[in-house]
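Undergrad: In my numbering, the protein residues as written are 324 to 595.
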Amino acid sequence: MSTYAIGDIQGCFAPFMQLLQRIEFNPGRDTLWLTGDLVNRGPDSLAVLRWVFQHRDCVQIVLGNHDLHLLALSEGFGKPGRGDTLLDILKAGDGKLLLDWLRCQPLMVEGQGYAMVHAGLMPEWTVPRALGLAAEVEAALTGKDFHAFLGKMYGNKPVRWRDELKGMDRLRMIVNAMTRMRFLNRDGEIDFAYKGELPDAPAGLQPWFAAKARQSAGTPLIFGHWSALGLHLTEDILGLDSGCLWGGSLTALRLEDRQVFAEPCPAYRQID
């Protein structure tokens, strides 16, 4: 019985299946933890979503920004991006079933001594605190007013956490930190502009996990989202987005012994 955490799939169904063969995944025995962004930009988003839904009893996911983008589009909000590969899901006969299930998935999970979120946690948040904040967003996504929430979800403000935040400002801040964050500036604000590699980061920016006095330190935290960071493994920071979409690899980390398995991927997208 093994648990494998796997980085962003983003519709790359063939490498996903090949990786499962490589790790000899057995759905009656093993469990998958998926870091979010199941869909979009790769060629087979519908196939990925259908497979995960079919195996939902042995798969744990967290929502990523592309998953939320899909949900927003399905409710008429936002605009399809250049290179989006979501139309097949929106037109599929089982699309509503898949989307209703996806909307009910968590933003963050904890188990086996690990926590998992798509992008990151604000420095002020302990893991228990972050789980509680994630639950606030999950309640909005599964509540009767989820349509209104998705319509107000987009935006880059606020950029800094304050406990007194309320309403949509509070929920949007939680969503942005957990699904979009990479860097913080000197004031502890999320920087949305720079998405590249660490050595080239502008002065004054630091990765969220390097923030001084980060309150979630000590609990191994699994995340994806940041393909330019690549595979990044330390004692308590486990970044698994190794750029499958861009011709890198799709990576699985076995949680019991931290053995890494990687499946080379074709370049489905070219970096501009």
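The beta carbon of each residue, even a glycine, is placed where N, CA and C say it ideally should be.
#1: Given the structure, does Leu552 come close to the ligand NAP, in the sense that its CB is under 6 Å from one of the ligand's heavy atoms?
#2: Do you know offhand how far Pro543's Cα is from Arg379's?
#3: Given a cut-off of 7 Å on the beta-carbon distance, is the pair Leu598 and Glu586 in contact?
#4: Relative to the alpha-carbon of Arg352, which residue among Gln344, Ser325, Leu430 has its alpha-carbon at the smallest distance?
#5: Hey, is the region 358 to 371 in contact with the region 380 to 393, meaning 3+ C-beta pairs nearer than 8 Å?
#6: Of all Cβ atoms in chain D, is any one closer than 7 Å to the Cβ of Trp569?
#7: In terms of residue numbering, what span does the alpha helix (DSSP H) encompassing Arg493 cover?
#8: Is there contact between the region 445 to 465 and the region 552 to 561, where contact requires at least three CB pairs shorter than 8 Å?
#9: Please go through the same chain and pick out, in chain order, the residues whose beta-carbon is closer than 7 Å to the beta-carbon of Ala524, but skip the five residues on each side of it.
#10: What does DSSP give as the partner residue(s) for Ser325 in the beta ladder?
#11: Where Pro451 and His470 are concerned, what is the direct C-alpha to C-alpha distance, given to the nearest angstrom?
#12: Among the residues of its own chain, which have a CB less than 7 Å from the CB of Phe532, if the five just before and after it don't count?
#13: Shortest alpha-carbon distance to Gly406 belongs to which of Gly418, Gly365, Leu396?
#14: Between Pro446, Leu421, His389, which has its C-alpha nearest Asp510's C-alpha?
#15: Which residue or residues does DSSP assign as beta-bridge partners of Val440?
#16: Give me the Cα-Cα distance between Glu520 and Lys535, rounded to the nearest whole angstrom.
#17: Just curious, the beta strand (DSSP E) that Arg577 is in, first and last residue?
TA: Short version:
#1: With respect to small molecules bound, the structure shown includes none, and the ligand NAP cannot be examined in it.
#2: The residue you call residue 543 lines up with position 220 of the sequence shown. The residue you call residue 379 lines up with position 56 of the sequence shown. When rounded, the distance between both Cα atoms is 24 Å.
#3: The question about residue 598 has no answer here: the residues shown for the chain are numbered 324 through 595.
#4: As a working note, residue 352 is residue 29 in the sequence shown. With respect to the C-alpha of Arg352, the residue from Gln344, Ser325, Leu430 having the closest C-alpha is Ser325.
#5: Yes, the region 358 to 371 is in contact with the region 380 to 393.
#6: Among the chains in the structure shown there is no chain D, since it carries only a single protein chain.
#7: For the purposes of this step, residue 493 is taken as the residue at position 170 of the sequence shown. Arg493 -> alpha helix (DSSP H) spans 490 to 502.
#8: Segments in contact, no.
#9: If you number the sequence shown from 1, residue 524 lands on position 201. Same-chain partners within the cutoff: Phe506, Tyr517.
#10: Locating residue 325 in the sequence shown gives position 2, counting from the first residue. Under DSSP, Ser325 shares a beta bridge with no residue.
#11: Here residue 451 refers to the residue found at position 128 when the sequence shown is read from its first residue. Here residue 470 refers to the residue found at position 147 when the sequence shown is read from its first residue. Those two C-alpha atoms are separated by around 28 Å.
#12: Looking up residue 532 in the sequence shown gives position 209. Within the same chain, Phe532 has close Cβ partners Gly443, Ile560.
#13: Locating residue 406 in the sequence shown gives position 83, counting from the first residue. With respect to the C-alpha of Gly406, the residue from Gly418, Gly365, Leu396 having the closest C-alpha is Gly365.
#14: One-based indexing of the sequence shown puts residue 510 at position 187. A check of alpha carbon separations from Asp510 across Pro446, Leu421, His389 identifies Pro446 as the nearest.
#15: In the sequence shown, counting from the first residue as 1, residue 440 sits at position 117. Its beta-bridge partners are Met431.
#16: Taking the sequence shown and counting its residues from 1, one reaches residue 520 at position 197. Taking the sequence shown and counting its residues from 1, one reaches residue 535 at position 212. Taking the Cα positions, Glu520 is about 20 Å away from Lys535.
#17: On the sequence shown, position 254 is the one that residue 577 refers to. DSSP places Arg577 in the uninterrupted beta strand (DSSP E) bounded by 572 to 577.
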